[in-house]
Amino acid sequence: MKTQKTWFITGASRGFGLEITKAVLASGDRVVGTVRSKAAELSAHFNNDPDLLVITMDVTNEQQIKAAVQQAVDQFAQVDQFAQIDILINNAGYGLLSGVEEATNEEVKQNYEVNVFGTLNVIRAVLPFMREKKSGHVINISSVGGLGAYIGWGLYGSTKFAIEGITEALAMEVAPLGIFATVVAPGFFRTNFLDESSLISSAQIIPDYAETVGAMRKFAAKVNYQQPGDPEKLAKAFVALGNSENPPVHLPLGKDSLERFRSKTAAFEKDVADWFDTITGTDHDDVKTNKPE
1 MKTQKTWFIT GASRGFGLEI TKAVLASGDR VVGTVRSKAA ELSAHFNNDP DLLVITMDVT
61 NEQQIKAAVQ QAVDQFAQVD QFAQIDILIN NAGYGLLSGV EEATNEEVKQ NYEVNVFGTL
121 NVIRAVLPFM REKKSGHVIN ISSVGGLGAY IGWGLYGSTK FAIEGITEAL AMEVAPLGIF
181 ATVVAPGFFR TNFLDESSLI SSAQIIPDYA ETVGAMRKFA AKVNYQQPGD PEKLAKAFVA
241 LGNSENPPVH LPLGKDSLER FRSKTAAFEK DVADWFDTIT GTDHDDVKTN KPE
């Protein structure tokens, strides 16, 4: 008989969060889905499924997060004394389309507040319960833009680069405690990410960037809902990841994400080969270095 797990999913009302919630419930597990507003609507969407607890929570509000996590643990413990938060999906976030120079300090700070500090807020609230049980899986959602930079997406991508690094370190720190950490980097999926509900464009537009960032703005509008990735298949991949006994630290999803990673590493290796003597020439003379073939 399947042991029922409890998933804590932020940003569960739309996009990846909604699709993952559907797939997890269909698999027979429980879901704690957090939303910023209209919790009743999400519950109704799933016909008030008893395995779904929807909680109003803002990932930038630490007190709300702590209260939500405690509520989840307490409520499911009433039906299962062994219930805990088994899998955390840090999904809440939004995009910022802007040239590096164009965005204001406030626009960048707010993007970091949600995408990076919001993720950290939730991790800090959930990990004490996982440490107590000596088990759990933290899954942070990054992006193909967290593997390699794109014109117009450098600032948003930098928040995802941060998530990549945070997860790498976290995975090493919690491994001895019986806890896993994975960072998932989806490519371009057919969701509402490019809608105004999930994407902000900088208020300032500098004409000198018309051929680069301006072209990207036009491209983003054109390809909305034409992206290659299937969100339902992504959600099934998350269910498989959550049930894996040996999950990876890094999981790119989509052929485009994998290609972006491979092209970046190939370009990086070429830079190393071209600049090998300069790179290694900064060491002390008594440090031996083997030059690659």
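Each residue of the sequence shown is one higher than the one before, starting from 1 at the first, in full-length UniProt numbering.
Just so it is clear, CB atoms sit at the ideal spot from N, CA and C, and this is done for glycine as well.
In this text the structure is predicted, and so the values were computed from the model without any measurement.
Exercise for the section: Determine the burial state of Phe-276: buried for a count of at least 16 other Cβ atoms within 10 Å of its Cβ, exposed for fewer. Expected result: Translated into positions along the sequence shown, residue 276 becomes position 276. Exposed, because fewer than 16 other Cβ atoms sit within 10 Å of the Cβ of Phe-276.
Handout entry: Residues bridged to Val-90 [DSSP beta-bridge criterion]
Key = Counting from 1 along the sequence shown, the entry for residue 90 is found at position 90. The residue asked about is misnamed: residue 90 is Asn in this sequence, not Val. Looking at the DSSP assignment, Asn-90 forms a beta bridge with Asn-140.
Practice task
Please check the pair Glu-107 and Ile-205, which I expect to be a contact at CB under 8 Å, by giving their CB distance rounded to whole angstroms.
Solution key: For the purposes of this step, residue 107 is taken as the residue at position 107 of the sequence shown. For the purposes of this step, residue 205 is taken as the residue at position 205 of the sequence shown. At roughly 13 Å, the Cβ-Cβ gap does not stay under 8 Å, so Glu-107 and Ile-205 are not in contact.
Exercise for the section: Give a yes or no on whether the C-beta atoms belonging to Glu-164 and Gly-187 are separated by under 8 Å. Expected result: Counting from 1 along the sequence shown, the entry for residue 164 is found at position 164. Counting from 1 along the sequence shown, the entry for residue 187 is found at position 187. Not closer than 8 Å, so no.
Exercise for the section: Pick helix, strand or coil for Pro-186, following the three-state DSSP scheme. Expected result: Numbered from its first residue, the sequence shown carries residue 186 at position 186. In the structure shown, Pro-186 adopts extended strand secondary structure according to DSSP, grouped into three states.
Handout entry: Nonlocal neighbours in the same chain, by C-beta distance under 7 Å from Val-24, ignoring five residues either side
Key = Sequence index remark: in the sequence shown, residue 24 carries index 24 (1-based). These residues qualify, in order along the chain: Trp-7, Val-31, Val-239.
Handout entry: Asp-271, buried or exposed, once every other Cβ within 10 Å from all chains shown has been counted against 16
Key = Within the sequence shown, numbered from 1, the residue matching residue 271 stands at position 271. With fewer than 16 Cβ atoms within 10 Å of its Cβ, Asp-271 is classed as exposed.
Exercise for the section: Check each candidate in Gln-63, Pro-176, Thr-167, Ala-44 and name the one with the smallest Cα separation from Val-184. Expected result: Start at 1 with the first residue of the sequence shown, and residue 184 comes out as number 184. Among Gln-63, Pro-176, Thr-167, Ala-44, the Cα nearest to that of Val-184 is on Thr-167.
Problem - Assigned exposure category for Arg-260 - 16 Cβ within 10 Å defines buried - result: Position 260 of the sequence shown, counted from the start, is the residue given in the question as residue 260. By the 10 Å Cβ count, Arg-260 comes out buried.
Exercise for the section: Alpha carbon to alpha carbon, how far is Ala-92 from Asn-121? Give it in angstroms, no decimals. Expected result: Locating residue 121 in the sequence shown gives position 121, where the first residue counts as 1. Locating residue 92 in the sequence shown gives position 92, where the first residue counts as 1. Taking the straight line from one Cα to the other gives about 12 Å.
Practice task
Could you tell me whether the stretch 243-250 touches the stretch 31-46, using the rule of 3 or more Cβ pairs below 8 Å?
Solution key: no
Problem - Where Glu-19 falls, given that 16 or more other Cβ within 10 Å makes a residue buried - result: Within the sequence shown, residue 19 is the residue found at index 19, counting from 1. Burial call: buried.
Exercise for the section: Evaluate Phe-268 with the Cβ neighbour count: other Cβ atoms within 10 Å of its Cβ, from every protein chain shown; 16 or more gives buried, anything less gives exposed. Expected result: Stepping through the sequence shown from its first residue, residue 268 is reached at position 268. Phe-268 comes out exposed.
Handout entry: Check whether Ile-85 and Val-69 have beta carbons under 8 Å apart
Key = Locating residue 85 in the sequence shown gives position 85, where the first residue counts as 1. Locating residue 69 in the sequence shown gives position 69, where the first residue counts as 1. Contact flag set, yes.
Practice task
For Ser-142, collect the residues of the same chain with a Cβ closer than 7 Å to its Cβ; drop the 5 residues on either side in sequence, then sort them by chain order.
Solution key: If you number the sequence shown from 1, residue 142 lands on position 142. Lys-160, Ile-163, Glu-164, Val-183, Val-184, Ala-185, listed in sequence order.
Exercise for the section: Report buried or exposed for His-284, applying the criterion of at least 16 other Cβ atoms within 10 angstroms of its Cβ. Expected result: For this step, residue 284 is matched to residue 284 along the sequence shown. Answer is exposed; the Cβ neighbour count stays below 16.
Exercise for the section: Look at the alpha carbon of Ile-200 and the alpha carbon of Phe-117, and state the distance between them as a whole number of angstroms. Expected result: As a working note, residue 200 is residue 200 in the sequence shown. As a working note, residue 117 is residue 117 in the sequence shown. Their Cα atoms are separated by approximately 18 Å.
Problem - Where His-250 falls: helix, strand or coil (DSSP) - result: The count along the sequence shown starts at 1 and reaches residue 250 at position 250. Taken through DSSP and simplified to helix, strand or coil, His-250 comes out as strand.
Handout entry: Nearest-angstrom beta carbon gap, Gly-152 and Leu-99 [assumed within contact, 8 Å]
Key = Within the sequence shown, the letter at position 99 stands for residue 99. Within the sequence shown, the letter at position 152 stands for residue 152. Per the sequence shown, residue 99 should be read as Gly rather than Leu. That belief holds up - the Cβ atoms of Gly-99 and Gly-152 are roughly 6 Å apart, short of 8 Å.
Exercise for the section: Output the residue ranges of the beta strand (DSSP E) runs that lie fully inside the stretch 133-177 and measure 3 residues or longer, sorted by chain position. Expected result: 136-141
Practice task
On a CA-only basis, which of Ala-39, Leu-127, Gly-15, Leu-52 is nearest Lys-5? Give me that one, please.
Solution key: Reading the sequence shown from its first residue, position 5 is the one you call residue 5. Minimum Cα distance to Lys-5 is reached at Leu-52.
Problem - Residue burial classification, Val-126 (beta-carbon count within 10 angstroms, cutoff 16) - result: Reading the sequence shown from its first residue, position 126 is the one you call residue 126. Val-126 is buried by the Cβ-count criterion.
Practice task
Would you tell me roughly how many angstroms separate the C-alpha atoms of Gly-157 and Leu-258, rounded to the nearest one?
Solution key: Locating residue 157 in the sequence shown gives position 157, counting from the first residue. Locating residue 258 in the sequence shown gives position 258, counting from the first residue. Approximately 16 Å between the Cα atoms of the pair.
Problem - Best match in Asp-49, Gly-15, Ala-67, Pro-50 for proximity to Met-57 [C-alpha to C-alpha] - result: As a working note, residue 57 is residue 57 in the sequence shown. Met-57 has its Cα closest to that of Ala-67, out of Asp-49, Gly-15, Ala-67, Pro-50.
Handout entry: Beta-carbon proximity list for Leu-177, same chain, < 8 Å, skipping 5 on both sides
Key = As a first step, residue 177 is located in the sequence shown; it is residue number 177 there, counting from the start. Same-chain partners within the cutoff: Met-130, Arg-131, Lys-134.
Practice task
Within 10 angstroms of the Cβ of Phe-219, are there 16 or more other Cβ atoms? Answer buried if so, exposed if not.
Solution key: For the purposes of this step, residue 219 is taken as the residue at position 219 of the sequence shown. By the neighbour-count rule (16 or more Cβ atoms within 10 Å), Phe-219 is not buried but exposed.
Practice task
Tell me whether Ala-23 sits in a helix, a strand or coil according to DSSP, three-state version.
Solution key: For the purposes of this step, residue 23 is identified with residue 23 of the sequence shown, where counting begins at 1. Looking at Ala-23 - three-state DSSP - the assignment turns out to be helix.
Problem - Start-to-end residues for the alpha helix (DSSP H) that takes in Asn-65 - result: Numbered from its first residue, the sequence shown carries residue 65 at position 65. The sequence given here places Ile at residue 65; Asn does not occur at that position. Ile-65 -> alpha helix (DSSP H) spans 62-77.
Exercise for the section: Measure the C-alpha to C-alpha separation of Ala-235 and Asn-47 and round it to an integer number of angstroms. Expected result: Here residue 235 is taken as the residue at index 235 of the sequence shown, counted from 1. Here residue 47 is taken as the residue at index 47 of the sequence shown, counted from 1. Spanning the alpha carbons of Ala-235 and Asn-47 requires a straight line of approximately 20 Å.
Practice task
Between the Cα of Glu-232 and those of Ile-123, Ala-26, Thr-3, spot the shortest distance and give me the residue it belongs to.
Solution key: The count along the sequence shown starts at 1 and reaches residue 232 at position 232. With distances taken between CA atoms, Glu-232 lies nearest to Ala-26 out of Ile-123, Ala-26, Thr-3.
Exercise for the section: Hey, could you find the ends of the alpha helix (DSSP H) Phe-276 is sitting in? Expected result: Walking along the sequence shown from the start, residue 276 turns up at place 276. 276-280 is the span of the alpha helix (DSSP H), which, as asked, contains Phe-276.
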